[in-house]
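What follows is a set of notes on a single structure, which appears directly below.
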Amino acid sequence: MKKCALLLLLFLLIPLHTNASEVKKETKELKAAIIIDDFGGGTGGVRDFLEGEIPITAAVMPFTENSKAHAEWAHKNGFEVMVHLPMEPKRGKRSWLGPKPITVDLTPVEVRQRVEEAIKSVPYAVGLNNHMGSRAVEDEEIVRAIVEVVKERKLFIIDSGTSPGSKFPKIAYELGVPLLKRDVFLDDISSSSYVRKQMVKLAKVTEIKGQGIAIGHVGVTGKVCSIGIFQSMEEFQRRNIKIVPVSNLFTEKLIEKQFVP
0 MKKCALLLLL FLLIPLHTNA SEVKKETKEL KAAIIIDDFG GGTGGVRDFL EGEIPITAAV
60 MPFTENSKAH AEWAHKNGFE VMVHLPMEPK RGKRSWLGPK PITVDLTPVE VRQRVEEAIK
120 SVPYAVGLNN HMGSRAVEDE EIVRAIVEVV KERKLFIIDS GTSPGSKFPK IAYELGVPLL
180 KRDVFLDDIS SSSYVRKQMV KLAKVTEIKG QGIAIGHVGV TGKVCSIGIF QSMEEFQRRN
240 IKIVPVSNLF TEKLIEKQFV P
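With the working numbering applied, the sequence shown covers 0 to 260.
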């Protein structure tokens with residue numbers, strides 16, 4: 000009788016132990032990245048972010064008076080740097096693109112040349128995302144020229160998600176270039192309370208997917224964006240979500256293969 004009781008006890012304990020072990024294995028660190036666009040251009044919020052303690056990723060507009068200075072400032076303070084490549088939209092003023100944008104009237108050779116120059120004008124850049132570009136990202140020939148340069152330079156791409164018809168995912172997959180897509184825009188409405196609301200949305204996306212990417216801006220909305228993000232950090236700590244440079248969202252094997260010399 001004692002032997003039967005012992006066997007029954009072991010039978011009951013083994014599944015409990017196995018389930019606890021499985022749960023432990025499935026526990027994954029939640030990571031979110033916050034890309035801040037328009038460094039090099041607008042000034043609002045620049046100091047707040049680059050002298051702050053949140054590890055944002057600084058996306059720097061090329062060919063501006065402050066492109067190099069902001070990229071160097073970000074790098075000096077330990078922030079990851081990207082090229083914020085201006086691309087032609089379906090609507091909007093041409094002046095919003097700044098100098099040497101990627102437009103649909105360019106040849107692939109001209110596109111390649113401008114991308115090369117853009118990368119050179121933003122020191123320490125490890126990746127690239129698009130500024131605007133709802134028209135240009137839908138042009139397969141133009142996107143292919145961009146992705147080819149990115150591949151040669153061993154960078155990664157973040158699709159800013161300005162068009163559902165973007166060719167970036169298709170071409171990047173074809174050429175073997177690391178790519179992730181933006182999940183949330185933080186400041187399309189200029190209000191710190193709205194930014195906080197969008198940060199909660201980022202947290203929820205991250206909890207579902209295991210990781211998430213948000214994009215905010217310096218410049219006109221820079222101050223309210225920084226305030227909203229800073230005020231959201233307690234919520235992210237409560238949810239055990241870690242803010243990381245965007246390259247940390249790629250797999251370790253991919254990072255080693257793509258970014259380590």
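Every residue, glycine too, gets a C-beta built ideally from N, C-alpha and C.
Discussion item. By alpha-carbon positions, which one of Phe249, Gly215 and Leu127 ends up nearest to Val146?
Written reply: Looking at Phe249, Gly215 and Leu127, the one whose alpha-carbon comes closest to that of Val146 is Leu127.
Worksheet item: Are there 16 or more other CB atoms within 10 angstroms of the CB of Val80, so buried, or fewer, so exposed?
Response: buried
Worksheet item: Which residues bound the beta strand (DSSP E) around Gly211?
Response: Segment Gln210 to His216, the beta strand (DSSP E) holding Gly211.
Discussion item. By the three-class DSSP mapping on this structure, what secondary structure does Ile86 have?
Written reply: The question names Ile, but residue 86 is Met in the sequence shown. Strand.
Worksheet item: Sorted by chain position, which residues of the same chain lie with C-beta nearer than 8 angstroms to Leu29's C-beta, five sequence neighbours on each side aside?
Response: Cβ within range, chain order: Thr205, Glu206, Gly209, Gln210, Arg238, Asn239, Ile240 and Lys241.
Worksheet entry | Closest residue to Lys75 among Lys89, Ala57 and Phe62 (Cα-Cα distance) | Taking Lys75 as reference, the option from Lys89, Ala57 and Phe62 with the minimal CA-CA separation is Ala57.
Worksheet item: Between Arg181 and Ser159, is the Cβ-Cβ spacing less than 7 angstroms?
Response: Yes, the pair counts as a contact, with Cβ atoms nearer than the cut-off.
Fill in: Length of the line joining the Cα atoms of Pro54 and Lys89
32 angstroms
Worksheet item: Below 8 angstroms, can you find three or more Cβ-Cβ pairs linking the stretch 34 to 48 to the stretch 218 to 234?
Response: yes
Worksheet item: Are the beta-carbon atoms belonging to Met198 and Gly132 less than 7 angstroms from one another?
Response: no
Discussion item. Suppose contacts are defined by Cβ-Cβ distances below 7 angstroms. Is Met301 in contact with Gly40 by that definition?
Written reply: With the chain running from 0 to 260 in the structure shown, residue 301 is simply not present.
Worksheet item: Going by other Cβ atoms of all chains shown within 10 Å of its Cβ, with 16 needed for buried, is Val136 buried or exposed?
Response: buried
Discussion item. Out of Val148, Pro168 and Val217, which one is the CA nearest neighbour of Ser189?
Written reply: Val217
Item to complete: Please work out which residues of its chain come closer than 7 angstroms, Cβ to Cβ, to Val121, disregarding the five sequence neighbours upstream and downstream, and give them in chain order.
Response: Closer than 7 angstroms at Cβ, skipping near neighbours: Val59, Pro61, Ser66, Ala70, Val80 and Val82.
Worksheet item: Can you name, in chain order, every residue of its own chain whose Cβ lies under 6 angstroms from the Cβ of Ala213, other than the five neighbours on each side?
Response: Ile33, Val183, Leu185 and Leu201
Worksheet item: Should Ala171 and Ile156 be called a contact, given that it needs their Cβ atoms to be closer than 7 angstroms?
Response: yes
Fill in: Chain-order list of residues whose beta-carbon lies under 8 angstroms from that of Gly77 (same chain, five-residue window excluded)
Pro54
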